Amino acid sequence: MKTDVLVIGGGIAGAATAYYLATEGVDVTLVEADDLNTQASGANAGSIHVQIQHPEFVSLGPDWARAYGPTLRLLIESQQMWLGLGAELGVDLDVSLGGGLLVATTPEQMRQIEAKAKIERSFGVPIEILDRDSLRILAPYLAETAIGAGFCPIEGKANPLKATPAFAAAAERRGASMLTRTRILGLEPTSGGYRVRTGERTIEARRIVNAAGAAAADIAAMLGIPIALQGVPLQVTVTEPVAPLIPHLVYSAAGKLSLKQAHNGSCLIGGGWHARRLADGRLVTNPAHLAGNMTNAANLVPTLGQARAVRSWTATVNGTEDWRPIIGEVPGHKGFFLSLFPWVGFSAGPITARLTADMILGRQPRLPLNGVSALF
Ligand SMILES: Cc1cc2nc3c(=O)[nH]c(=O)nc-3n(C[C@H](O)[C@H](O)[C@H](O)COP(=O)(O)OP(=O)(O)OC[C@H]3O[C@@H](n4cnc5c(N)ncnc54)[C@H](O)[C@@H]3O)c2cc1C
1 MKTDVLVIGG
11 GIAGAATAYY
21 LATEGVDVTL
31 VEADDLNTQA
41 SGANAGSIHV
51 QIQHPEFVSL
61 GPDWARAYGP
71 TLRLLIESQQ
81 MWLGLGAELG
91 VDLDVSLGGG
101 LLVATTPEQM
111 RQIEAKAKIE
121 RSFGVPIEIL
131 DRDSLRILAP
141 YLAETAIGAG
151 FCPIEGKANP
161 LKATPAFAAA
171 AERRGASMLT
181 RTRILGLEPT
191 SGGYRVRTGE
201 RTIEARRIVN
211 AAGAAAADIA
221 AMLGIPIALQ
231 GVPLQVTVTE
241 PVAPLIPHLV
251 YSAAGKLSLK
261 QAHNGSCLIG
271 GGWHARRLAD
281 GRLVTNPAHL
291 AGNMTNAANL
301 VPTLGQARAV
311 RSWTATVNGT
321 EDWRPIIGEV
331 PGHKGFFLSL
341 FPWVGFSAGP
351 ITARLTADMI
361 LGRQPRLPLN
371 GVSALF
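Just so we're aligned: 308 in full-length UniProt numbering is position 308 of the sequence shown, and the numbers increase by one with no gaps anywhere.
Okay, structure coming up:
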């Protein structure tokens with residue numbers, strides 16, 4: 001089998017890259033080891049993030065935040081893309097961008113939020129600082145202990161169960177081929193591109209897009225390319241439905257938390273709590289982290305103290321130490337592209353794919369990647 005571009009990975013990065021390429025008439029085949037959307041892209045918490053995550057601001061510091069700043073432009077652009085994606089793909093993706101609230105309960109947390117907002121604003125992220133009274137008006141569901149917040153009015157949520165399948169279906173309608181349950185086992189360069197070995201077939205591709213998420217380093221290693229990306233097991237929890245209460249994406253400055261309410265009233269509670277990986281590779285929920293996560297949620301939104309958790313699940317996120325994306329053609333490996341956005345790759349999926357497609361099409365990427373992608 002022959003193809004011009006072979007995309008490895010049927011998560012949001014791969015499916016959206018296949019969509020943008022097929023839309024431009026490129027002969028593209030996507031290969032997915034399992035079924036589409038079965039890993040991080042279908043199991044994440046659905047937050048559309050734009051701001052810098054507070055725990056990392058505190059642990060990595062303001063110098064790191066300033067260095068990361070140019071990456072925020074990608075998240076802003078991606079948020080803009082999310083606004084129009086449902087209409088473009090012909091599927092309601094449950095996009096709701098009512099704003100993200102980073103809530104403080106101590107003056108020290110407020111100072112950190114203000115310092116972070118100053119850096120974020122210098123890169124174009126809209127952040128308003130709310131005092132106790134304005135916060136109470138905007139978010140009466142919060143605990144009395146909340147003394148203020150940083151509010152990013154463009155953040156929100158989308159449905160991870162719908163977004164990647166919608167990209168994949170639209171890519172197929174435009175002529176992309178999808179090979180699911182097909183694992184890439186080997187890759188080698190040829191005079192005209194790459195030879196790709198799966199269990200059942202050999203595929204000749206002129207160009208490759210490595211969009212294998214948490215497994216991207218294993219794929220790159222097949223060509224002897226080291227990339228500093230690790231898989232990190234995370235967990236998320238959903239509660240039984242409660243009355244409509246929370247129109248925002250809520251974060252806590254006191255500890256790891258992301259919280260939002262779905263259309264059906266269930267609350268999704270996450271924020272980067274680690275799951276456990278067993279010796280045989282299976283992921284299981286860490287009960288202590290589940291308790292910590294639920295406590296953080298109930299401390300900020302007291303009503304949730306009464307809501308029962310109905311399910312927790314785990315998945316592996318693609319993580320890099322400095323949080324920078326890795327997007328572009330690998331120097332010295334003509335035609336081999338990486339399409340990887342760590343930690344918040346659901347939010348950034350549309351722009352990650354668009355930039356990858358731009359480069360494959362031989363165009364200037366629509367946003368500069370110097371100082372953003374770890375490759376440049
Ligand atoms: C629990 C959790 C919560 C999260 N919450 C959020 C959130 O709220 N907001 C946000 O923006 N981000 C969130 N993230 C991060 C986000 O989900 C990921 O960054 C993003 O989905 C990565 O997309 P991807 O397409 O690169 O990778 P994936 O979705 O992991 O897709 C990669 C695909 O490659 C396939 N693959 C791997 N190896 C091979 C091979 N050898 N051959 C063929 N196929 C292969 C895999 O099967 C997989 O389907 C969360 C992540 C997790 C785990």
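Heads up, the beta-carbon is just placed ideally off N, CA and C, and yes, glycines get one too. The structure displayed is predicted, hence computed values, not measured ones.
- Between the region 77-93 and the region 141-152, the count of Cβ pairs shorter than 8 Å is below three; the stretches do not touch.
- Looking from the CA of Leu290, the closest CA among Gln235, Ala315, Ser266 belongs to Gln235.
- Inclusion of Leu249 and Gly100 in the CB contact set at 7 Å is warranted, their separation being smaller than that value.
- The alpha-carbon separation between Asn296 and Glu32 amounts to approximately 36 Å.
- Scanning the region 222-251 from its first residue to its last, no whole alpha helix (DSSP H) run of 4-plus residues comes out.
- Cα atoms of Arg121 and Leu187: separation of roughly 43 Å, rounded to the nearest angstrom.
- With respect to the 7 Å criterion, Ile48 and Lys157 are classified as neighbours on the basis of their beta carbons.
- Beta-bridge partners of Asp131 (DSSP): Gly148.
- The DSSP assignment places complete alpha helix (DSSP H) segments of no fewer than 4 residues inside the region 54-113 at 54-89, in order along the chain.
- Within 6 Å of the C-beta of Glu77 there is not a single heavy atom belonging to ligand 1.
- Ser312 is bridged by DSSP to Thr237.
- DSSP places Gly328 within a strand segment (E or B) once states are collapsed to three.
- As a beta-bridge residue in DSSP terms, Arg276 pairs with Val284.
- Membership of Met359 in the alpha helix (DSSP H) is indicated by the continuous run 349-360.
- Residue range 2-8 is occupied by the beta strand (DSSP E) that includes Ile8.
- The alpha-carbon separation between Leu304 and Asn264 amounts to approximately 15 Å.
- Secondary structure of Phe376 (DSSP, three-state): coil.
- Between Ala216 and Leu340, the C-beta gap is smaller than 7 Å, which places the two residues in contact.
- The C-beta distance from Thr164 to Ile269 rounds to 22 Å, too long to meet the 8 Å contact threshold.
- In summary, Gly371 is exposed, with fewer than 16 beta-carbon neighbours lying within 10 Å of its beta-carbon over all protein chains present.
- The shortest CA-to-CA distance from Tyr20 to any of Ser252, Lys256, Glu172 is the one to Glu172.
- Judged by beta-carbon spacing, His54 lies beyond the 7 Å limit of Ala348, meaning their Cβ atoms are not closer than that value.
- Within the same chain, Ile269, Trp273 come within 6 Å of Asn293 by CB-CB distance, once the 5 residues on both sides are set aside.
- Of the residues assessed, Ala87 falls on the exposed side of the cut-off, its CB having fewer than 16 other CB atoms within 10 angstroms.
- Counting along the chain, the unbroken alpha helix (DSSP H) around Ala43 starts and ends at 40-43.
- With a 10 Å radius around the Cβ and a threshold of 16 neighbouring Cβ atoms, Arg207 comes out buried.
- Membership of Lys256 in any beta strand (DSSP E) is not indicated, and neither H nor E is assigned to it by DSSP.
- The alpha-carbon of Ala309 is positioned some 27 Å away from that of Asp280.
- Collapsing the DSSP output to three states places Asn318 in a strand.
- Taking all protein chains shown into account, Met1 has fewer than 16 neighbouring C-beta atoms within 10 Å of its C-beta and is therefore exposed.
- The Cβ neighbour count for Glu321, taken over all protein chains shown within 10 Å, is under 16; the residue is labelled exposed.
- By the neighbour-count criterion, in which a residue is buried when 16 or more other Cβ atoms sit within 10 angstroms of its Cβ, Gln80 is exposed.
- In this model, Val103 and Ala221 are separated by some 42 Å (Cα to Cα).
- Shown here, Tyr20 sits in a helix according to DSSP, grouped into three states.
- For the beta strand (DSSP E) assignment, the uninterrupted runs of no fewer than 3 residues enclosed by the region 170-206 are, from N- to C-terminal side, 177-179, 184-190, 193-198.
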